[in-house]
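Scroll down for the structure; my scribbles are underneath it.
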Amino acid sequence: MGSVAGKTVFITGGARGVGAEVARRLHARGARLVLTDLDEAPLADLADALGADRVLTRVADVRDLQAMQEVVDAAVDRFGGLDVVMANAGIATYGSVLQVDPEAFQTLMDVNVKGVFNTVRAALPAVLERRGYVLIVSSLAAYAAAPGLAPYNASKAAVEHFANALRLEVAHRGVDVGSAHMSWIDTPLVRDTKDDLSTFGEMLSKLPYPLNQTTSVEQCGQVFVAGIEGRKRQINCPGWVGVLRWLKPVLSTMVGESRIRGFVPDLLPRMDAEVARLGRSMGSRTKSVEER
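Below, the structure written as structure tokens:
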């Protein structure tokens, strides 16, 4: 792809965090943006900051295929086509399999997995016309599991494999497909979790290096934009996450799990107790958006 100048990029979950940072950087490089989110206020603020000339925003739910199709149709009407889609919208839940609210689990799967399908299903015909690029935002969680995050881990492993299968389906038609894998990023999602659960921060501190490190949104945005411009197969932030992809078979062995197994008996019951006291299995920001 090279330069993104003049290209049209559709980003879900574009109001905050990595989605917003990537949007800002792409816009600075001359891209035209289509941004969706359920959180209307920060989405509007971002649009105001970037200016209306090359930005189209919609409050839309990735769980609704028709809503995603309407966004794509509006993008094609406004900008003439679609070159890149970045399926980025995602949420997390709190607590072990025994503690997490089953409804929160279902919501997470609907957003993180069904939402990726809906986004790609709606955007793919337009991307095929431009022989463009699809980026599925997965996570380090697709490679390395963490206790108390089983639904999130499962969803990110699912969309990584979705990207792998999609790549096989569209490569002969000139479309490249990538998956993005990040460690802990200093996003509102991670900050909200730390604020809600002291045991989450404690768990991070007990993970082996470099799994216990947090990366800035700015660094992640820079890596993502380079990956989009290069139509990369994998985008890893920081770079060491790519090494863990090759170590994945080892990480799920007794040896690979030994460090985490050592602290789970003490930490996980305390985490579940914190979740029970909260009375919710997701962040307050996510919960409030869901209830609007």
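Residue numbers for the sequence shown follow UniProt numbering, so the first one is 1 and each next one is one higher. For glycine and all other residues, C-beta sits at the position ideal for the given N, C-alpha and C.
| query | result |
| --- | --- |
| Counterpart residues of Y133 in DSSP-defined beta bridges | V84, D176 |
| Paired residues, beta bridge with R58 - DSSP | T36 |
| Length of the line joining the Cα atoms of G90 and E169 | 24 Å |
| Between the CA atoms of R78 and A23 - distance to the nearest angstrom | 18 Å |
| Span of the alpha helix (DSSP H) around T199 | 198 to 206 |
| Own chain, CB closer than 8 Å to I185, minus 5 neighbours either side, in chain order | G17, V18, T214, T215, S216, V217, C220, C237 |
| Selected residue, minimal CA-CA separation from R54, among V116, L46, N118 | L46 |
| Local Cβ density within 10 Å of P249, reported as buried at 16 or more and exposed below that | exposed |
| 7 Å CB neighbourhood of E202 in its chain, flanking five on each side removed | L267 |
| Beta-carbon separation (whole angstroms), G178 vs L135, contact threshold 8 Å | 5 Å |
| V275, DSSP secondary structure in three states | helix |
| Beta-carbon gap between M1 and Y133 smaller than 9 Å | yes |
| Stretch pair the region 95 to 102 + the region 138 to 145: three plus CB contacts closer than 8 Å | no |
| I260 (DSSP reduced to helix, strand or coil) | helix |
| Spatial neighbours of R131 in its chain, beta-carbon cut-off 8 Å, leaving aside the 5 residues before and after | R173, G174, V175 |
| Short Cβ contact (9 Å threshold) for Y152 with V275 | no |
| Three-state secondary structure (DSSP) of T286 | helix |
| Buried versus exposed call for D195 [16 or more other C-beta atoms within 10 Å across all chains shown] | exposed |
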